[in-house]
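K.L.:
If you want the working numbering, it's the 1-based position in the sequence shown plus 7. Just so it is clear, CB atoms sit at the ideal spot from N, CA and C, and this is done for glycine as well.
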Amino acid sequence: MRTPEITPALVSRLIAAQFPRWSGLPVRPVPDGWDNTTFRLGEEMSVRLPSAARYAEQVDKEHRWLPVLARQLPLPIPAPLARGAPGCGYPWPWSVYRWQPGEPAGRASIPDLPGFAAGLAGFLARLYRIDPAGGPPPGDHNFFRGGPVSVYDAETQDAIAALAPSPDIAGAAGVWQAALAAPRNGRPVWVHGDVSSGNVLASAGRLSAVIDFGCMGVGDPACDVTIAWTFFSGPGRQAFRDRLPVDTATWARGRGWAVWKALTTLAGAVRAGDADGAAAVSCRQVLRDVTAEHAAGC
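So, in C-alpha cells, the structure goes:
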C-alpha cells in the first residue's frame, strides 16, 4: 500500500470527522521520529499517526497497556485519550494523546547528567517491577525488542563485512560475539524498547517524562541499556549502570544492541555517501566506547 502523505490538513479532516468536539483546535506538526508522525492538537493534546502499516499494530497495544503501566510508574508517560479509525484516505488506526510538556533530552540543557541518568535508570527499574503477566512478547509489533539480540545477527554481520577493515569495526565484532554469548537468566520484564534521548523529556534540565512506547513488550531488558552509550558518557554512564537493576551479562547484551544499531546505521550512511556526516560520527563514537569498555572487562 502506498504510504499516504500525512499533513496537518489530513489530521484536521480526521479530527473533524471522528472527534468533532475538537475540530476547532489548531493542528501543528511536531518534529518526530520515523515510525509515527505527531501533531500538536491545541495546547493539551497530540495526535499520533503510524507512518506505515508495520507500525499500525502498535496503536491497540498502547491503548491496552499504557494506562496499566502509567498507574505504576513514577513519571508521566503517554496517556491515550481517543482511538481514531481509518478515514479520509488514511488507512490505519491512530491516536489522540494528552500532550506531555518538556523537550527531548539534550546534553547541553541538562546541568546534572549523572543525576538525570540515575533518574532514568530508576524509572526503568520501576518499569521492570510491574507484573508482566499477559503483556506482549517480542515480535514484529516491536521489532523483537526484548528478544534475543541474535535476531539481528545477519544484519550485524553484513554491516561488519561492509565496513571492514577498520580497527573500530574489528573491536565491535568482538563486542557483538560477546553479546551473543552472554547468558540470559532473568525473568521476562516489561521493556520500553526504544530508550533514546528523543523519547526522554526534560523540563528545566530535569527528567520529566518518558514517551513513545510503541516498541514496548515483555522480555529481556538489555534493549533498554543502549542509551548508556548513545547519550551518556563517563560519570553519567556509570550512574545509569549503578542504578539500573541488570547483571553483567545483561549489560553485555545491551552493548550488543548498541553495536547492532551503530553498525547498521553507519553502513547505511556509508552507502548513502555520508560517511562523515553527524550520524556516522556519532556511530563511530558509540563503537569506540563499547569496544573500549568491553576490552577493559567492565
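Report the three-state DSSP secondary structure of N149 (helix, strand or coil).
P.N.:
Helix.
K.L.:
Thinking V198 and P228 are a contact (beta carbons under 8 Å), I'd like their distance in whole angstroms, please.
P.N.:
The pair is a contact, with the Cβ atoms about 5 Å apart (cut-off 8 Å).
K.L.:
Please give the ranges of any alpha helix (DSSP H) in the stretch 38-124, keeping only runs that are unbroken, at least 4 residues long and fully inside the region.
P.N.:
For the stretch 38-124, whole alpha helix (DSSP H) runs of length 4 or above, ordered along the chain, are 60-63 and 65-77.
K.L.:
Per DSSP, what kind of secondary structure is V202 in: helix, strand or coil?
P.N.:
In the structure shown, V202 sits in coil (DSSP, three-state: anything other than H, G, I, E or B).
K.L.:
So the alpha helix (DSSP H) S289 belongs to, where does it begin and stop?
P.N.:
Note, S289: alpha helix (DSSP H), A285 to A302.
K.L.:
Since P145 and G212 should fall inside the 8 Å C-beta cutoff, what is the C-beta to C-beta distance between them, to a whole number of angstroms?
P.N.:
Not a contact, Cβ separation roughly 34 Å.
K.L.:
Rounded to a whole number of angstroms, what is the C-alpha to C-alpha distance between A74 and G224?
P.N.:
Checking the sequence, you will find Pro at residue 74 rather than Ala. Taking the straight line joining both Cα atoms gives about 14 Å.
K.L.:
Whole beta strand (DSSP E) runs in the stretch 188-233 with 3 or more residues, listed along the chain?
P.N.:
List check, beta strand (DSSP E) in window: 196-198, 207-210, 213-217 and 224-226.
K.L.:
Given that a residue counts as buried once 16 or more other Cβ atoms are within 10 Å of its Cβ, and exposed if not, what is Q65?
P.N.:
So Q65 ends up on the buried side.
K.L.:
Tell me whether the beta-carbon of S19 lies closer than 8 Å to the beta-carbon of G109.
P.N.:
Going by C-beta atoms, S19 is not nearer than 8 Å to G109.
K.L.:
Is the Cβ-Cβ distance between A302 and G178 less than 8 Å?
P.N.:
Taking 8 Å as the Cβ cut-off, A302 and G178 qualify as a contacting pair.
K.L.:
For R90 and A185, I'd like the C-alpha separation in whole angstroms.
P.N.:
Each residue's Cα considered, the two are about 43 Å apart.
K.L.:
Which one of G129, G261, R71 and D201 has the shortest CA to CA distance from T298?
P.N.:
If we check each option's Cα against that of T298, G261 comes out closest.
K.L.:
Between which two residues does the alpha helix (DSSP H) harbouring R244 extend?
P.N.:
Segment G241 to R250, the alpha helix (DSSP H) holding R244.
K.L.:
Per the DSSP calculation, V34 is bridged to which residue(s)?
P.N.:
DSSP output for V34 lists L48 as bridge partner(s).
K.L.:
Do you know offhand how far V293's Cα is from F239's?
P.N.:
Roughly 10 Å between the two C-alpha positions.
K.L.:
When you compare the CB positions of G205 and E69, do they come within less than 8 Å of one another, or not?
P.N.:
Contact: no.
K.L.:
In whole angstroms, what separates the C-alpha of V158 from that of G31?
P.N.:
The straight-line gap from Cα to Cα measures roughly 46 Å.
K.L.:
With A276 and G263 assumed to form a contact (beta carbons below 8 Å), what rounded beta-carbon distance in angstroms separates them?
P.N.:
Actually they are not in contact, since the Cβ atoms of A276 and G263 sit about 20 Å apart, beyond 8 Å.
K.L.:
Go ahead and label G280 buried or exposed: buried means 16 or more other beta carbons lie within 10 angstroms of its beta carbon, across all protein chains shown.
P.N.:
With fewer than 16 other Cβ atoms within 10 Å, it is exposed.
K.L.:
Suppose you measure from the CA of G126 to the CA of L214; what does that come to, to the nearest Å?
P.N.:
Distance between the alpha carbons of G126 and L214: 7 Å.
K.L.:
Mind checking A140: buried by the 16 CB within 10 Å criterion, or exposed?
P.N.:
Classification of A140: exposed, given that the 10 Å Cβ count is below 16.
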